[in-house]
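In the numbering used here, the protein residues as written are 2 to 685. Heads up: the structure comes next, in structure tokens.
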């Protein structure tokens with residue numbers, strides 16, 4: 002619960018405040034003072050009557066009524082202090098800097114639990130413990146630096162790590178980024194990242210609230226809450242970038258299916274982020290670069306002009322952008338010639354537009370005006386500008402600020418001279434400018450920003466026979482479904498499948514073959530990995546071959562029968578599903594057959610999956626060229642492949658008891674896709 006007293010307290014008490022600003026309590030009080038907190042301030046310090054000029058009380062019991070309390074005292078003293086504050090002083094917001102709680106063992110966990118019980122009982126908010134505090138538009142309740150770049154239209158940061166949020170803010174300041182809200186949730190004893198995001202969503206006002214949210218997450222405690230409110234914010238116009246730390250796994254998990262082996266918890270995180278419209282990054286540098294680009298206008302298209310007076314950085318930026326689907330259109334014709342005539346000899350306007358190291362601020366202004374007004378093929382401009390330190394270049398930065406404010410096409414400044422032009426860049430940022438210091442880092446952020454999708458508000462999902470699905474699931478036991486039941490589930494979901502029959506005896510196999518027709522495929526039923534035990538036979542053309550292979554397969558250990566299907570032609574693909582605790586079902590697709598584990602080329606999404614999401618999954622595959630058709634090979638009907646993916650997701654949504662599911666292979670060609678082999682494991 003986030004109370005109004007946490008966001009805009011009328012009074013704040015610093016418990017453990019001191020004159021020593023090298024201590025958390027002392028520096029937190031100093032931050033409140035230098036940032037001009039307008040409410041009533043008080044301090045608890047047993048030795049002083051005033052601290053930093055603020056009235057000090059000897060104990061919590063002596064305090065006047067207070068909305069918010071910031072605690073910088075030993076962990077063992079915190080439970081009693083919180084009880085007194087909430088019960089007697091009307092306190093409804095508590096921030097605890099102190100460590101020594103849940104992260105420190107059972108005794109610390111018991112202290113933390115007592116505090117949570119107290120704040121919940123009195124309807125108060127708790128940030129921490131073991132955190133650096135919180136910053137809102139009304140006060141700076143942190144004990145760290147920097148806190149100078151505060152603005153209502155700055156970015157919001159929510160972090161599960163106190164130290165990390167400080168490092169993020171330090172890096173962000175160098176880009177000119179300002180901050181609106183900062184929440185360091187620490188142990189997340191009561192309020193976690195998801196709770197803060199919920200508050201920012203429920204209070205979001207388009208055009209007024211901070212449009213950029215940055216998240217640093219070490220554990221996702223409530224994936225569905227994160228998905229719901231991140232998606233809602235994104236649809237309202239906000240943009241979100243996040244780091245999810247701890248994504249590597251020391252070892253692979255044992256799994257009984259291809260999908261289980263490929264579906265990791267971190268893959269579920271990436272799928273959740275995509276579905277919510279969150280841009281995932283993997284470092285503080287990437288997060289700050291993304292914050293910078295999200296704080297600027299989004300271009301209408303993917304065509305960019307690179308304006309530079311240094312050839313090398315322009316070439317490197319061109320490489321990054323063009324290799325990731327961003328266009329750098331060639332500029333020519335009368336307008337280009339007119340622009341070139343205004344520049345020094347040796348300049349180029351072909352794009353990149355190079356106006357040489359001797360180029361002037363006035364020439365830069367003319368180039369920007371031309372890109373904005375004369376070249377319709379340009380959607381945005383990246384301006385790379387540095388200085389050898391020989392002359393004052395502050396006039397260039399003034400031009401950039403003016404043009405950023407007045408041009409309709411976005412301008413992205415890449416100001417590389419962080420030493421030689423340090424003062425001029427700082428002035429540029431103090432006047433509201435945001436800049437990048439490295440061209441390739443900008444390029445990656447630009448590509449990732451344009452690639453992020455906005456989640457659909459009311460997605461269109463395929464219709465399946467829910468009643469039939471539930472009937473099959475409710476009558477099934479735990480473990481793998483019998484092939485007949487699995488086939489019926491595919492029928493209920495509207496997923497095309499091959500004609501098939503199951504034989505337990507040679508006579509049944511011969512009768513099934515006569516019904517289905519040759520050529521045939523035979524697969525043993527029972528063993529998990531059929532190909533590893535010789536349990537697959539292809540292109541069976543006559544009864545003699547059929548009986549010989551049947552008699553061999555039925556002797557394979559764990560074999561309970563043999564599945565017969567027509568021999569289909571096409572490209573093998575697969576669709577899988579894996580239930581991930583808290584996240585729901587992960588839906589996967591990729592190339593099928595033996596390639597699924599050999600290449601591990603899979604795309605994933607969280608159920609339910611729309612047809613558009615499914616189409617995106619297919620296009621993200623490294624083997625997408627094979628699916629389209631390559632080197633004379635017939636391709637696959639992508640629309641029907643995507644429809645089958647969406648239908649598997651609906652099947653899992655209707656039947657959450659499905660723990661793992663593989664359709665492998667799914668035989669695809671230009672006429673459609675046909676499920677050849679399906680395995681479904683039930684956990685109730």
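We put the beta carbon where it would ideally sit given N, CA and C, even for glycine. The structure presented is a predicted model; accordingly, all values stated were derived computationally and were not measured.
Distance between residue j and residue i (C-alpha atoms, nearest Å)
i: residue 476; j: residue 659; result: 13 Å
i: residue 450; j: residue 15; result: 41 Å
i: residue 563; j: residue 679; result: 14 Å
i: residue 344; j: residue 394; result: 18 Å
i: residue 93; j: residue 273; result: 33 Å
i: residue 330; j: residue 311; result: 19 Å
i: residue 137; j: residue 649; result: 44 Å
i: residue 150; j: residue 621; result: 39 Å
i: residue 585; j: residue 173; result: 35 Å
i: residue 221; j: residue 339; result: 56 Å
i: residue 511; j: residue 548; result: 7 Å
i: residue 745; j: residue 583; result: With the chain represented from 2 up to 685, any question about residue 745 goes unanswered, as that position is not in the structure.
i: residue 652; j: residue 387; result: 57 Å
i: residue 97; j: residue 382; result: 46 Å
i: residue 483; j: residue 682; result: 10 Å
i: residue 518; j: residue 551; result: 16 Å
i: residue 8; j: residue 209; result: 16 Å
i: residue 555; j: residue 661; result: 26 Å
i: residue 50; j: residue 18; result: 12 Å
i: residue 546; j: residue 553; result: 11 Å
i: residue 420; j: residue 392; result: 13 Å
i: residue 569; j: residue 522; result: 9 Å
i: residue 529; j: residue 539; result: 18 Å
i: residue 464; j: residue 537; result: 34 Å
DSSP state of residue i mapped onto helix, strand, coil
i: residue 423; result: helix
i: residue 202; result: helix
i: residue 396; result: helix
i: residue 69; result: strand
i: residue 481; result: strand
i: residue 176; result: coil
i: residue 123; result: helix
i: residue 259; result: Unreliable placement is indicated for residue 259, whose pLDDT of 45 sits below 50; the coordinate value is still reported in the next sentence. DSSP places residue 259 in helix when its eight states are reduced to three.
i: residue 429; result: helix
i: residue 283; result: coil
i: residue 474; result: helix
i: residue 670; result: strand
i: residue 222; result: coil
i: residue 14; result: strand
i: residue 230; result: helix
i: residue 251; result: In this predicted model, residue 251 has a pLDDT of only 41, less than 50, meaning its place in the structure is not dependable; the value taken from the coordinates is given anyway. Reduced to three states, the DSSP call for residue 251 is coil.
i: residue 103; result: helix
8 Å Cβ cutoff met for residue i and residue j
i: residue 103; j: residue 188; result: yes
i: residue 590; j: residue 618; result: yes
i: residue 68; j: residue 11; result: yes
i: residue 516; j: residue 524; result: no
i: residue 178; j: residue 156; result: yes
i: residue 52; j: residue 72; result: no
i: residue 655; j: residue 471; result: yes
i: residue 219; j: residue 162; result: yes
i: residue 33; j: residue 141; result: yes
i: residue 514; j: residue 479; result: no
i: residue 57; j: residue 44; result: yes
i: residue 469; j: residue 493; result: yes
i: residue 571; j: residue 665; result: no
i: residue 624; j: residue 638; result: no
i: residue 239; j: residue 279; result: no
i: residue 447; j: residue 176; result: no
i: residue 356; j: residue 398; result: no
i: residue 196; j: residue 234; result: no
Supposed close pair residue i, residue j - CB separation, criterion 8 Å
i: residue 385; j: residue 440; result: 6 Å
i: residue 290; j: residue 379; result: Residue 290 to residue 379, Cβ: 22 Å. No contact.
i: residue 112; j: residue 79; result: 7 Å
i: residue 636; j: residue 628; result: 6 Å
i: residue 400; j: residue 351; result: About 22 Å; that fails the 8 Å criterion.
i: residue 36; j: residue 28; result: Residue 36 to residue 28, Cβ: 12 Å. No contact.
Residue i at chain D interface by Cβ criterion, 8 Å
i: residue 334; result: Although the question refers to chain D, the structure presented lacks it and comprises just one protein chain.
message: Runs of 3 residues minimum, wholly inside the stretch 523-600: which ones carry the beta strand (DSSP E) assignment?
response: 537-541, 562-567, 572-581, 585-592
field: Complete alpha helix (DSSP H) runs within the stretch 272-317 (minimum length 4 residues, chain order)
entry: 285-295
4 or more residues per run - each alpha helix (DSSP H) lying fully within the stretch 597-676: 612-621, 625-629, 639-655
- prompt: What runs of the alpha helix (DSSP H), each 4 residues or longer, lie entirely inside the stretch 29-71?
  reply: none
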